[in-house]
Amino acid sequence: MQRQFLAGKVIRRFLAAAMLMAITTAGAAEPPGTELAPFSLTPLGGYTFGGTFEDEEDTVAVEVDDAAHFGLIFNIRESANTQWEVFYSRQQTDANTAEITPSQPLVDIDIHYLHIGGTYVADGGRARPFLAATLGGTRFDPGPLTFDSENFFSFGIGAGWYVSASERLDIRLEARALGTFLRSDTALFCQTGPDENVCAIVAASEMFWQFQTSVGFAFRF
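Read in order, the letters of the sequence shown correspond to residues 930 to 1150 in my numbering.
Next comes the structure, spelled out in structure tokens:
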């Protein structure tokens, strides 16, 4: 929990600084001589919300705590308005039973997303809206080494703004919904023993949803 608090504090300061920079630069004109660079690399950070595993009768739910995430986006320009996108993010969090009274975390989880897709960037001056759609995989990596990691197919849909800060630097502000397809009656984070197999979570829900808000600095080259 302490690592989430410290990471959240850093993210909030990062978001505030980026938003202030975006506001102060959005009204200016596009710098003269700006060219469409073929590549861009965007280190990003933000907060991930949501994520629930429900059992077959919906009597017990295991919720993933909201926590900070960090990641990278690599874009390859296809045309003046379209670009290919490789998206990666990582969230360090805990999974807890959804009860009224606080409980000890069932398991620590690192949630990784690795997607490939595309982005459409609308015309504009210094501030340009964009839409993004990606496909790929989600990896649930539990903290204890005795539990197995889990991999599933997932997709993402995002929208936001590029705000030019200089000739080769954009501020990328975005929100992204991420959906992961789970198998029916999925047993997660299992460990094998001499007598029986033990699983930390058994979920019957077929979808796992999360929502991200992020800010990053896109370096064009």
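For glycine and all other residues, C-beta sits at the position ideal for the given N, C-alpha and C.
It should be emphasised that the depicted structure is a prediction, and the values quoted were computed from it without experimental measurement.
- Per DSSP, reduced to three states, the secondary structure at Ala-1009 is coil, with no helix or strand assignment.
- In the structure shown, the three-state DSSP call for Ala-1061 is strand.
- Counting the other Cβ atoms within 10 Å of the Cβ of Asn-1004 gives 16 or more, which makes it buried.
- The beta carbon of Ala-1104 is closer than 8 Å to those of Gly-1087, Ala-1088, Gly-1089, Phe-1140, Gln-1141, Thr-1142 and Ser-1143 in its chain, skipping five residues each way along the sequence.
- Residues Phe-1003, Asn-1004, Ile-1005, Arg-1006, Arg-1149 and Phe-1150 of the same chain have their beta carbon placed closer than 8 Å to that of Phe-968, with the five preceding and five following residues left out of the count.
- Taking 8 Å as the cut-off, the Cβ atoms of Asp-1023 and Asp-994 count as close.
- With distances taken between CA atoms, Phe-1059 lies nearest to Asn-1010 out of Ile-1038, Asn-1010 and Gly-1066.
- With a beta-carbon spacing of about 7 Å, Phe-1081 and Gly-1066 fall inside the 8 Å limit used to define contacts.
- Counting only the Cα atoms, Ser-1134 lies some 15 Å from Glu-1079.
- With a cutoff of 8 Å on beta-carbon distance, His-998 and Tyr-1017 are scored as not near each other.
- Distance check between Ala-1051 and each of Ile-1045, Ser-1008, Gln-1020 and Ser-1083 places Ser-1008 closest, using alpha-carbon atoms only.
- Leu-1111 sits close to Met-1136, with the two beta carbons spaced by under 8 Å.
- Taken atom to atom, the span from the alpha-carbon of Ser-1093 to that of Ile-1045 is near 24 Å.
- Take the alpha-carbon of Glu-1096 and the one of Thr-1109: they are about 37 Å apart.
- For Pro-972, the enclosing beta strand (DSSP E) has its first and last residue at 968-978.
- DSSP, read as helix, strand or coil, puts Gly-1145 in strand.
- For Gln-1020 and Gly-1054, the gap between their C-alpha atoms comes out near 33 Å.
- Non-local beta-carbon contacts of Phe-1084 in its own chain, meaning distances under 7 Å to residues more than five positions away in sequence, involve Thr-1063, Leu-1064 and Gly-1108 in chain order.
- In this chain, the beta strand (DSSP E) harbouring Gly-1089 covers 1079-1095.
- In this structure, DSSP gives Ala-1051 a state outside helix and strand, which the three-state scheme calls coil.
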